[in-house]
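Chains A and B supply the protein sequences, listed in that same order. Going letter by letter, the first sequence gives residues 1 to 181 in our numbering. Going letter by letter, the second sequence gives residues 182 to 451 in our numbering.
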Amino acid sequence: MILAAEEGGTGILFPIWQEMLIGAIAFGLLCFVLIKFVFPRMEKTFEARVDAIEGGIERAERAQEEANQTLEEYRRKLATAQEEAAAIRDEARATAEASKEEILVSAREEANRIIAAGHAQAEASRQQLIRELRSEVGHLAVDLAGKIIGQRLAGDADTTATVDRFLAEIVDETAETSGAR
Amino acid sequence: MTDSAIVLAEGESHFPPGIHSFDFADWFSGLTGTALAHMFTTITMAVWATVAILIVFFLWAYRKPQIVPTKKQWLAESAYGFIRNTVAIDLMGKKDGVRFAPYLATLFLFIVLMNFWAIVPGVQISPNAHIAFPAMLAVLSWIMYVWVGIKQHGLVKWLKITVVPPGAPAFVLPLLIPIEILQNIILRPVTLALRLFANMFAGHLILLVFILGGFEMLNSSNFFIQGLSVFSFAMGIAMTLFELIVILLQAYVFTLLTGMYIQGSLAEEH
């Protein structure tokens with residue numbers, strides 16, 4: 001009270017040095033502890049947090065990209081497989097067409113060959129038959145002519161009797177040959 | 182100065198409050214008058230308590246920091262992050278901001294808690310109502326921004342940046358340079374200290390006026406005046422809430438200005 005009165009109230013503007021000292025020591029201690037041990041760890045935690053978040057986003061992005069790539073690959077593979085299947089189908093169709101054609105051709109050839117062979121055989125049989133008939137008819141005609149001529153030479157015998165005799169001779173001959181066998 | 186302590190001890194009326202209301206008696210009366218006077222008072226104990234609370238809280242809350250913070254860790258990070266992001270990084274950018282954020286955050290927390298004693302029941306005086314503490318902090322801020330400026334630019338260049346306004350014509354420089362010296366080098370710490378001190382001083386005085394006034398009216402022999410004391414106490418409570426705003430605001434202003442001065446020292450031009 002006395003001091004304050006003496007200094008006319010300006011005393012409050014002059015710091016008490018003991019208080020400044022105490023304040024400096026106390027604040028210095030606070031600064032030392034907080035700045036050395038607490039806040040650097042907070043900055044580290046902040047950084048770790050940012051890392052964790054950004055790392056998470058990056059990982060997610062990478063996974064997304066990978067998934068996209070895999071999808072793309074599968075799509076490509078699927079497309080290739082479809083193309084391949086189509087190619088195989090076309091080829092099979094072509095092969096089938098070709099073999100059908102081949103089979104048809106060979107069947108037709110076979111048929112033609114069989115028909116031709118049949119024709120040839122028939123022709124051969126006919127030729128043979130004709131040849132045999134011709135020689136037989138020739139013999140017969142010669143025989144008949146001989147018989148007819150012989151009759152006339154022998155003395156004007158009955159034609160009818162000659163033919164009958166001739167026919168009977170043929171029958172006898174046939175029986176003889178069949179009996180001789 | 183010790184008279185008021187005696188007055189308090191005798192339980193006499195100390196209304197109206199005055200400068201004597203800011204004098205606190207030494208706890209050990211043997212120290213009075215020696216070099217150790219003023220070292221063990223309610224004021225210095227509040228300072229030590231402030232430091233102890235902050236150190237204990239932060240070491241406890243940040244014992245095992247985790248990526249996903251616990252509640253107490255979140256509280257500690259918010260206290261630091263508030264000054265780090267809104268003052269340090271906003272003013273100085275990411276790199277320098279992170280460099281100076283620890284000091285600025287410590288400064289802010291220290292002032293807030295010191296101021297807070299102004300409304301703690303049973304203490305109701307902030308150590309910052311004694312100019313010694315704001316002066317000490319202002320001197321530290323001054324040393325810091327001068328040192329940062331000299332380290333960043335060298336003494337001559339820093340003086341030129343701080344004292345010579347860019348773009349001023351040469352003939353006004355003899356007028357401008359003294360003003361700039363006064364403004365940027367001498368008055369900055371003074372205004373820093375006075376602003377904080379005066380706010381806390383006035384806050385304490387206002388609370389004293391209404392609360393002591395209330396008791397004074399209650400002691401009156403006039404029944405009508407005794408009844409009116411209710412309004413005085415109500416004003417005391419309202420002013421306490423008002424003080425809370427002042428406490429936070431003044432701590433923020435002190436920190437913000439210190440940050441701006443440091444930023445000015447780092448920058449190429451002021």
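All residues carry an ideal CB built from backbone N, CA and C; glycine is no exception. What you are looking at is a predicted structure, and each value in this text was computed from that prediction instead of being measured.
Can a CB atom of chain A be found closer than 7 Å to the CB of residue i?
i, result
"isoleucine 200(B)", "yes"
"threonine 436(B)", "no"
"tryptophan 298(B)", "no"
"threonine 267(B)", "no"
"valine 237(B)", "no"
"tyrosine 261(B)", "yes"
"phenylalanine 314(B)", "yes"
"histidine 311(B)", "yes"
Should residue i and residue j be called a contact, given that it needs their Cβ atoms to be closer than 7 Å?
i, j, result
"tyrosine 326(B)", "isoleucine 443(B)", "yes"
"glutamine 254(B)", "alanine 242(B)", "yes"
"alanine 310(B)", "histidine 201(B)", "no"
"leucine 377(B)", "methionine 420(B)", "no"
"serine 413(B)", "phenylalanine 382(B)", "no"
"alanine 26(A)", "tryptophan 229(B)", "yes"
"threonine 45(A)", "proline 246(B)", "yes"
"threonine 222(B)", "phenylalanine 205(B)", "yes"
"proline 370(B)", "alanine 313(B)", "no"
"proline 283(B)", "phenylalanine 39(A)", "yes"
"proline 346(B)", "leucine 363(B)", "no"
"aspartate 277(B)", "leucine 447(B)", "yes"
"proline 308(B)", "isoleucine 236(B)", "no"
"methionine 20(A)", "methionine 317(B)", "yes"
"glutamine 18(A)", "histidine 334(B)", "no"
Suppose you measure from the CA of residue i to the CA of residue j; what does that come to, to the nearest Å?
i, j, result
"alanine 48(A)", "methionine 416(B)", "49 Å"
"glycine 211(B)", "glycine 23(A)", "22 Å"
"cysteine 31(A)", "proline 315(B)", "16 Å"
"asparagine 68(A)", "isoleucine 35(A)", "48 Å"
"alanine 60(A)", "arginine 93(A)", "49 Å"
"threonine 174(A)", "glutamate 136(A)", "13 Å"
"lysine 252(B)", "glycine 440(B)", "29 Å"
"threonine 162(A)", "glutamate 123(A)", "37 Å"
"isoleucine 114(A)", "glutamine 128(A)", "20 Å"
"methionine 273(B)", "leucine 256(B)", "24 Å"
"alanine 233(B)", "glutamate 361(B)", "40 Å"
"alanine 107(A)", "glutamate 97(A)", "15 Å"
Under a CB-based cut-off of 7 Å, is residue i close to chain B?
i, result
"phenylalanine 32(A)", "no"
"arginine 59(A)", "no"
"glutamate 19(A)", "yes"
"aspartate 16(A)", "It should be pointed out that residue 16(A) corresponds to isoleucine in this sequence rather than to aspartate. Interface residue, yes."
"arginine 41(A)", "yes"
Cβ of residue i versus every heavy atom of the ligand FMN: is any distance shorter than 6 Å?
i, result
"phenylalanine 205(B)", "Looking at this structure, you won't find the ligand FMN or any other ligand, since it has none at all."
Does chain E have any CB closer than 7 Å to the CB of residue i?
i, result
"valine 50(A)", "Reference to chain E is not applicable here, since the protein chains of this structure are A and B."
Whether or not the region 414–427 of chain B and the region 288–308 of chain B are in contact is what I'm after, with contact meaning three or more pairs of Cβ atoms, one per stretch, closer than 8 Å; do they touch?
yes
Between the region 396–405 of chain B and the region 280–296 of chain B, do at least 3 Cβ pairs fall closer than 8 Å?
no
Sequence ranges, alpha helix (DSSP H) only - wholly within the region 378–451 of chain B, length at least 4:
404–447
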